[in-house]
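A.B. asks:
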Amino acid sequence: MLDPTTSRPRAIIIGGSLGGLFAAVSLRAIGWEVQVFERSAGVPDSRGGGIVLQPEVEAVFDFAHVPHAVPLGVMSHERIYLNLQDEIVSRAMMPQMQTSWNTLHGSMRRALPDGVLQAGERLQGFEQDGARVTARFASGRVEQADLLIGADGSRSTVRQQLLPGIAPEYAGYVAWRGLAAEHGLPQVLQGKLSDSFAFQQGDDHMLLEYLVPGENESTQPGQRRRNWVWYRKITAGAQLVQALTDRDGVAHAFSLPPGAMRPEAVAALRRDAALLLAPSFARLVEATPEPFVQAILDMQVPQMVFGRVLLVGDAASVPRPHTAGGAAKAAANALSLARSLRSADTSAGIDAALARWQKQALRHGMQMSEWGIALGERIMDMGASASGGPRTGMY
Ligand SMILES: Cc1cc2nc3c(=O)[nH]c(=O)nc-3n(C[C@H](O)[C@H](O)[C@H](O)COP(=O)(O)OP(=O)(O)OC[C@H]3O[C@@H](n4cnc5c(N)ncnc54)[C@H](O)[C@@H]3O)c2cc1C
Numbered sequence: 013m014l015d016p017t018t019s020r021p022r023a024i025i026i027g028g029s030l031g032g033l034f035a036a037v038s039l040r041a042i043g044w045e046v047q048v049f050e051r052s053a054g055v056p057d058s059r060g061g062g063i064v065l066q067p068e069v070e071a072v073f074d075f076a077h078v079p080h081a082v083p084l085g086v087m088s089h090e091r092i093y094l095n096l097q098d099e100i101v102s103r104a105m106m107p108q109m110q111t112s113w114n115t116l117h118g119s120m121r122r123a124l125p126d127g128v129l130q131a132g133e134r135l136q137g138f139e140q141d142g143a144r145v146t147a148r149f150a151s152g153r154v155e156q157a158d159l160l161i162g163a164d165g166s167r168s169t170v171r172q173q174l175l176p177g178i179a180p181e182y183a184g185y186v187a188w189r190g191l192a193a194e195h196g197l198p199q200v201l202q203g204k205l206s207d208s209f210a211f212q213q214g215d216d217h218m219l220l221e222y223l224v225p226g227e228n229e230s231t232q233p234g235q236r237r238r239n240w241v242w243y244r245k246i247t248a249g250a251q252l253v254q255a256l257t258d259r260d261g262v263a264h265a266f267s268l269p270p271g272a273m274r275p276e277a278v279a280a281l282r283r284d285a286a287l288l289l290a291p292s293f294a295r296l297v298e299a300t301p302e303p304f305v306q307a308i309l310d311m312q313v314p315q316m317v318f319g320r321v322l323l324v325g326d327a328a329s330v331p332r333p334h335t336a337g338g339a340a341k342a343a344a345n346a347l348s349l350a351r352s353l354r355s356a357d358t359s360a361g362i363d364a365a366l367a368r369w370q371k372q373a374l375r376h377g378m379q380m381s382e383w384g385i386a387l388g389e390r391i392m393d394m395g396a397s398a399s400g401g402p403r404t405g406m407y
């Protein structure tokens, strides 16, 4: 027997970023009643910035009939590598599409009826009683459902209650990131980078850059943004704490959102860029109003289903960004969950569907984690190649 007050099974989703909304639209598409609880009072920080558009994301949009702009992103046709002198040292045809966190999030948010996304609700804990889960929020609110989905990211409250011994580990390097409006950028930079997916591989660091939709989700030339990510080694300890200390002097665990970096840290980043980066990339860093920073993390759970509570997206495993697949993995988790649950119309059927789902979702997460670590080691640990050309085929 499912929820006795309604004929439809009900899921509570914790976290209203990409992972939470992929799950919400997918479960609604199979007839579940869904509510998403997000701790941020407004739209969560656009921490993802640019996102390489992977087929799994498009598959969720198709499955759940999420209306979206066409195209959903900006095409790049080739990959280029620049050296310190701004010369193109490698060029390869590789068409692919890049989008942005706000484009994906905005499309899904608009597809959800009012009331599904509850902002400003922080989960504190939950209890299970057979096939019912009760969630408690900091506001005092209490909610019950047939399923509780932890889509609350790498520092998941849901996971901390289920697996208190598992936490993300710092991988030894950070990603400085930024988005700069295309229309304000110097012509010389625009001409050099054009619509390429552009890289610079240096000693112990790598920068990549690509075009993404504008803040208003426009993909029209002149209204787009350039998204860049600069991976650099930072020793754990005082140096890392300093990088993650915000303008109010508060030390954050793993990331600083746009606008939070100290002015002197932004100035130091720009000085380093002028020394270590190709002039086109240094100009881009200089022109970025609010750079931000994220520590690169490794984390993988051994189990994703705990009775009627489960973990998806970064709450379950954090693949390194070189896979360009964190959002794609969250999308794949949501889609396979909806497909498994689609024909489950009894409580036992739901349990069996969750067991089936866990098998494939765990395997997928582990493969992505291992692949990301291998790519990261190659990018960050090997001596610089003499040419400054590619060290891997990925990001
Ligand atoms: C440098 C970098 C580049 C990347 N590039 C790509 C890329 O190109 N392609 C790609 O696919 N992925 C990329 N990713 C990964 C991608 O951003 C994430 O994997 C993806 O967004 C999935 O996130 P999530 O929704 O699971 O978690 P998150 O985005 O971390 O969201 C968790 C949400 O839960 C909320 N929350 C947390 N605790 C609570 C609580 N107690 N109660 C209520 N709400 C709570 C948070 O406020 C947040 O909104 C990149 C990541 C990095 C670091």
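Heads up: take any position in the sequence shown, counting from 1, add 12, and you land on my numbering. All C-beta atoms in this analysis are idealised placements derived from N, C-alpha and C, irrespective of residue type, glycine included.
Hey, which unbroken runs of the alpha helix (DSSP H) at 4 residues or more fall wholly within the region 257-341?
C.D. replies: Segments of the alpha helix (DSSP H) lying fully in the region 257-341: 275-288 and 291-299.
A.B. asks: Hey, is ASP164 close to ligand 1, as in C-beta under 8 Å from one of its heavy atoms?
C.D. replies: Because some heavy atom of ligand 1 lies under 8 Å away, the Cβ of ASP164 counts as near it: yes.
A.B. asks: Of the residues ASP393, ALA342 and PRO291, which one's Cα is nearest the Cα of HIS376?
C.D. replies: Ranking ASP393, ALA342 and PRO291 by Cα distance to HIS376 puts ALA342 first.
A.B. asks: Work out the CA separation of ALA53 and THR335 for me, nearest whole Å.
C.D. replies: Each residue's alpha carbon lies about 31 Å from the other.
A.B. asks: Leaving aside the five residues before and after SER329 along the sequence, list all residues of the same chain whose C-beta is less than 8 Å from its C-beta, in chain order.
C.D. replies: Counting only Cβ-Cβ distances below 8 Å, and skipping sequence neighbours, we find MET311, GLN312, VAL313, LYS341, GLY377, MET378, MET380 and SER381.
A.B. asks: Compare the Cα-Cα distances from GLN213 to each of TRP242, GLY162, THR231 and GLY226 and report the closest residue.
C.D. replies: Considering only alpha carbons, the answer is TRP242.
A.B. asks: Would you decide whether HIS77 is buried or exposed? Buried here means 16 or more other CB atoms lie within 10 Å of its CB.
C.D. replies: Exposed, by the Cβ-count rule.
A.B. asks: Taking 8 Å as the cut-off, does the CB of GLY377 come closer than this to any heavy atom belonging to ligand 1?
C.D. replies: Result no, Cβ not under 8 Å from ligand 1.
A.B. asks: May I have the straight-line CA-CA distance separating ASP74 from LEU347, to the nearest angstrom?
C.D. replies: Each residue's alpha carbon lies about 10 Å from the other.
A.B. asks: Assign LEU65 to one of three DSSP states: helix, strand, or coil.
C.D. replies: Residue state, collapsed to three classes: coil.
A.B. asks: Would you check if the region 100-120 and the region 221-236 touch, i.e. whether three or more CB-CB distances between them fall below 8 Å?
C.D. replies: Yes, they touch.
A.B. asks: So, using beta-carbon positions, are LEU268 and ASP258 closer together than 9 Å?
C.D. replies: In this structure, ASP258 lies closer than 9 Å to LEU268 by Cβ.
A.B. asks: Measure from the alpha carbon of ILE178 to the alpha carbon of each residue in LEU220, VAL253 and LEU323, then state which is nearest.
C.D. replies: Minimum Cα distance to ILE178 is reached at LEU323.
A.B. asks: So is PRO67 in contact with chain D if we call contact Cβ pairs under 9 Å?
C.D. replies: Here chain D cannot be found, since the structure has a single protein chain.
A.B. asks: Leaving out the 5 sequence neighbours to the left and right, which residues in its chain are closer than 6 Å to THR169 when beta-carbon positions are compared?
C.D. replies: Contacts found: LEU135.
A.B. asks: By the three-class DSSP mapping on this structure, what secondary structure does THR146 have?
C.D. replies: Strand.
A.B. asks: Please state whether the Cβ-Cβ distance between ALA192 and LEU296 is less than 9 Å.
C.D. replies: Cβ atoms of ALA192 and LEU296: closer than 9 Å.
A.B. asks: Could you check whether the Cβ of ILE308 sits closer than 8 Å to any heavy atom belonging to ligand 1?
C.D. replies: Result yes, Cβ under 8 Å from ligand 1.
A.B. asks: Mind checking who ALA193 pairs with in its DSSP beta bridge?
C.D. replies: Per DSSP, ARG237.
A.B. asks: Quick one: Cα of LEU256 to Cα of LYS371, how far?
C.D. replies: Computed Cα separation, rounded: 36 Å.
A.B. asks: Does the region 150-158 come close enough to the region 199-215 that 3 or more CB-CB pairs lie under 8 Å?
C.D. replies: Cβ pair count under 8 Å is below three, so no.
A.B. asks: Starting from ILE246 and walking both ways along the beta strand (DSSP E), at which residues does that stretch end?
C.D. replies: No beta strand (DSSP E) contains ILE246, which DSSP labels as neither H nor E.
A.B. asks: Ends of the alpha helix (DSSP H) at HIS376?
C.D. replies: HIS376 -> alpha helix (DSSP H) spans 359-393.
A.B. asks: Taking the straight line between their C-alpha atoms, what separation do you get for MET13 and SER359?
C.D. replies: With a pLDDT of only 41 at MET13, under the threshold of 50, the placement of this residue in the model should not be trusted, and no figure is reported.
A.B. asks: Closer than 8 Å: is that where the CB of THR169 sits relative to any heavy atom of ligand 1?
C.D. replies: The answer is yes for THR169.
A.B. asks: Give the C-beta separation of PHE138 and GLN173 to the nearest angstrom, bearing in mind that I take them to be a contact with Cβ-Cβ under 8 Å.
C.D. replies: That belief holds up - the Cβ atoms of PHE138 and GLN173 are roughly 7 Å apart, short of 8 Å.
A.B. asks: Hey, is LEU387 close to ligand 1, as in C-beta under 8 Å from one of its heavy atoms?
C.D. replies: Every heavy atom of ligand 1 is 8 Å or more from the Cβ of LEU387, so no.
A.B. asks: With DSSP as the reference, label THR231 as helix, strand or coil.
C.D. replies: The answer is coil: DSSP assigns THR231 none of H, G, I, E or B.
A.B. asks: Nearer than 8 Å: is that true of the beta carbon of LYS341 relative to any heavy atom of ligand 1?
C.D. replies: True, at least one ligand heavy atom lies under 8 Å from that Cβ.
A.B. asks: With a threshold of 16 other CB atoms inside 10 Å of the CB of THR247, please say whether the residue is buried or exposed.
C.D. replies: By the neighbour-count rule (16 or more Cβ atoms within 10 Å), THR247 is not buried but exposed.
A.B. asks: Among the residues of its own chain, which have a CB less than 7 Å from the CB of LEU374, if the five just before and after it don't count?
C.D. replies: Within the same chain, LEU374 has close Cβ partners MET316.
A.B. asks: Could you please give the first and the last residue of the uninterrupted beta strand (DSSP E) stretch that includes HIS217?
C.D. replies: Segment 217-224, the beta strand (DSSP E) holding HIS217.
A.B. asks: Is the closest heavy atom of ligand 1 to the C-beta of GLY27 under 8 Å?
C.D. replies: At least one heavy atom of ligand 1 is nearer than 8 Å to the Cβ of GLY27, so yes.
A.B. asks: Shortest alpha-carbon distance to VAL253 belongs to which of GLN235, ARG237, ARG274 and MET218?
C.D. replies: If we check each option's Cα against that of VAL253, ARG274 comes out closest.
A.B. asks: Sorry if obvious, but does the Cβ on ALA336 come closer than 8 Å to a heavy atom of ligand 3?
C.D. replies: Absent from the structure shown: ligand 3. Ligands present: ligand 1.
A.B. asks: Specify the secondary structure class of ARG351 as computed by DSSP and reduced to three states.
C.D. replies: Helix.
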